[in-house]
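Below: the structure, in structure tokens.
In UniProt numbering, the protein residues as written are 1 to 385.
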């Protein structure tokens, strides 16, 4: 087995990759920064308690050579067989201090410099299927060179990071998952309020506010056609701005982890791999089935240019603003991803992702609600893994 250096080991994808690599007999060096009063060792031991073959290396990808000390570089020189770089900011909107760019672009540059200093012979970079932005059909080997196709700071930063990896001179695999959702059988995910969870948290919070308002003054809501029945089910006559026909490329975290590890264990050939669902659900199906589980009905899906009057109109406008950052993923009518490289390289090890069903949405939402959509955690979180 091999010794692998993993960044982003505390993140949604990194956690499961580290665990699976250890289970498969690899030695793992997890590059972790201290955070919120905990040092790197304390953070990692919470995730993989008592694991053998796990070494925790204090560092920070925002610093030169990822913050690894000169003495540690000397000790590890020539003894690491691969770098798995999954550390990233998953924020769509850039911060005033440019944290998304600094983490995803400058952080990748620092990680690559560390790989060179350690003479690491291969890199597996965890990117995103959306590096090619708004393209309707995305080939795995398509290089995202046009900055006009990226739709937010996250997509652009990941495309720029890919460019750095390709130009590093180190043999690479670029691994591009789609929208990573919680574990298939439990709904668990370390980052509850991003992606799928972040979108539906908006509707969940509004639903709770409507139920509370209904108890206080139902007539005010009835005037706009809003109703709450005796079971708490909400009729909400608004239009949710989303495509009626386009796909939503959701992939469960545990499937992503096992597929990533299969690719990490494969020979590096300067190739790109999509980790996408061959049969993604439609945006409409995801919204309708998920909101049914949350007890919200009576809405329409389509263009929301015209808001209803009264309270319903006010709610629609607020929701539309809160969901705007997700529009690139919920409004596009056509977006397909090839995954021929992934299937070919994995061969008989290729396992298709499980079907995305209403029961799966229920598990995702039940877990998110049990964790209050991660809001207590967010009070001390910066959005970096």
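Note that beta-carbon positions come from the ideal geometry of N, C-alpha and C, so glycine has one too. Remember, it's a predicted structure, so these values are computed and weren't measured experimentally.
**Report entry** Straight-line gap, residue 308 to residue 153 (C-alpha atoms, nearest Å)
**Finding:** Distance between the alpha carbons of residue 308 and residue 153: 32 Å.
**Report entry** Burial state of residue 232, where buried means 16 or more other Cβ atoms lie within 10 Å
**Finding:** Taking all protein chains shown into account, residue 232 has fewer than 16 neighbouring C-beta atoms within 10 Å of its C-beta and is therefore exposed.
Requested in this report: Specify the secondary structure class of residue 155 as computed by DSSP and reduced to three states.
Outcome: Here residue 155 sits in helix by DSSP.
**Report entry** Inter-residue Cα distance where the pair is residue 55 and residue 225
**Finding:** In a straight line, the C-alpha of residue 55 is about 59 Å away from that of residue 225.
Requested in this report: Below 6 Å CB to CB, which residues in the same chain sit around residue 227 once its five sequence neighbours on both sides are set aside?
Outcome: Excluding residues within five positions, the ones whose Cβ falls inside 6 Å are 235.
Query raised in the report: Would you report the Cα separation of residue 298 and residue 261, rounded to the nearest angstrom?
Result: Going from the Cα of residue 298 to the Cα of residue 261 covers about 43 Å.
Query raised in the report: If you drop the 5 nearest sequence neighbours on each side, which residues of the same chain put their C-beta closer than 7 Å to that of residue 322?
Result: Excluding residues up to 5 positions away in sequence, 202 lie with their Cβ nearer than 7 Å to the Cβ of residue 322 in the same chain.
Requested in this report: Have a look at residue 155 and residue 35 and give me their C-alpha separation to the nearest angstrom.
Outcome: Rounded to whole angstroms, residue 155 to residue 35 spans 26 Å at the Cα level.
**Report entry** Where residue 378 sits in the DSSP three-state scheme
**Finding:** Here the model assigns residue 378 a pLDDT of 49, short of 50, so the residue's position is not dependable and the matter cannot be decided.
Requested in this report: Compare the Cα-Cα distances from residue 239 to each of 157, 316, 97 and 91 and report the closest residue.
Outcome: Ranking the options by Cα distance to residue 239, first place goes to 316.
Query raised in the report: Within this structure, are the beta carbons of residue 330 and residue 243 separated by less than 8 Å?
Result: Contact flag set, yes.
**Report entry** Whether residue 62 touches residue 118 by CB criterion (8 Å)
**Finding:** Contact flag unset, no.
Query raised in the report: At least one CB of chain D closer than 8 Å to the CB of residue 238: is that the case?
Result: The chain inventory of the structure shown lacks chain D, comprising one protein chain alone.
Query raised in the report: How far does the alpha helix (DSSP H) with residue 344 in it reach, from first residue to last?
Result: Counting along the chain, the unbroken alpha helix (DSSP H) around residue 344 starts and ends at 340-346.
Query raised in the report: From this set, 256, 348, 46 and 198, which residue's C-alpha is nearest residue 290's C-alpha?
Result: Answer by Cα proximity: 198.
Query raised in the report: What does a CB cutoff of less than 8 Å around residue 211 pick up in its chain, not counting 5 residues either side in sequence?
Result: Within the same chain, residue 211 has close Cβ partners 228, 232 and 234.
Report task. State the Cα-Cα distance for the pair residue 50 and residue 149, rounded to the nearest angstrom. Result -> Their Cα atoms are separated by approximately 45 Å.
Query raised in the report: How is the alpha helix (DSSP H) around residue 310 delimited, first residue to last?
Result: Element bounds for residue 310: 310-322.
Report task. Identify whether residue 173 lies in helix, strand or coil by the three-state DSSP scheme. Result -> DSSP, read as helix, strand or coil, puts residue 173 in strand.
Report task. Under 8 Å Cβ to Cβ from residue 4, same chain only, skipping five residues before and after it: list those, please. Result -> Here the set comprises 21, 26, 27, 28, 29, 80, 81, 82, 83, 84 and 264.
Query raised in the report: Which residues bound the beta strand (DSSP E) around residue 274?
Result: Following the DSSP letters along the chain, one finds residue 274 inside the beta strand (DSSP E) bounded by residues 271-275.
Query raised in the report: Are the segment 170-180 and the segment 267-277 touching by the rule of at least three beta carbon pairs closer than 8 Å?
Result: Contact between the segment 170-180 and the segment 267-277 is present, with at least three C-beta pairs closer than 8 Å.
Query raised in the report: Quick one, are the C-beta atoms of residue 86 and residue 13 less than 8 Å apart?
Result: Yes, the Cβ-Cβ distance between residue 86 and residue 13 is below 8 Å.
Query - Sequence-distant residues of the same chain with beta carbon closer than 6 Å to residue 215, five excluded per side - result: Excluding residues within five positions, none has a Cβ falling inside 6 Å.
Query raised in the report: Out of curiosity, what's the CA-to-CA distance linking residue 141 and residue 168?
Result: Looking at the backbone, the Cα of residue 141 and that of residue 168 are separated by about 17 Å.
Report task. Under 6 Å Cβ to Cβ from residue 44, same chain only, skipping five residues before and after it: list those, please. Result -> Cβ neighbours of residue 44 beyond the five flanking positions: 30, 32 and 56.
Requested in this report: Kindly indicate which three-state DSSP category residue 62 falls into: helix, strand or coil?
Outcome: In the structure shown, the three-state DSSP call for residue 62 is coil.
**Report entry** CB-CB length for residue 272 against residue 341, believed under 8 Å
**Finding:** With 8 Å as the limit, residue 272 and residue 341 qualify as a contact, their Cβ atoms being about 7 Å apart.
Report task. Can you tell me which of the three DSSP states residue 294 falls into? Result -> In the three-state scheme derived from DSSP, where H, G and I count as helix and E and B as strand, residue 294 is classed as coil.
Query raised in the report: Taking the alpha helix (DSSP H) that residue 208 falls in, what are its first and last residues?
Result: In the DSSP assignment, residue 208 falls within the alpha helix (DSSP H) that extends over 196-216.
Query raised in the report: Leaving out five residues before and five after residue 371 in sequence, what residues of the same chain have Cβ atoms less than 6 Å from its Cβ?
Result: Closer than 6 Å at the Cβ level, and outside the excluded window around residue 371, lie 192.
Report task. Please say whether residue 356 and residue 221 have beta carbons closer to each other than 8 Å? Result -> It is not a contact, given that the beta carbons lie outside the stated cut-off.
Query - Local conformation of residue 370 per DSSP, three classes - result: Under the three-state reduction of DSSP, residue 370 is assigned to helix.
Report task. Drop a sphere of 10 angstroms on the beta-carbon of residue 387, count the other beta-carbons inside from all chains shown, and report buried for 16 or more, exposed for fewer. Result -> Since the first and last residues shown for the chain are 1 and 385, residue 387 lies out of range.
Report task. Take residue 74 as the anchor and find which of 367, 116, 345 and 46 has the nearest alpha-carbon. Result -> For residue 74, the nearest C-alpha among the options comes from 116.
Report task. Measure the CB-CB distance between residue 17 and residue 195 and report whether it falls below 8 Å. Result -> No.
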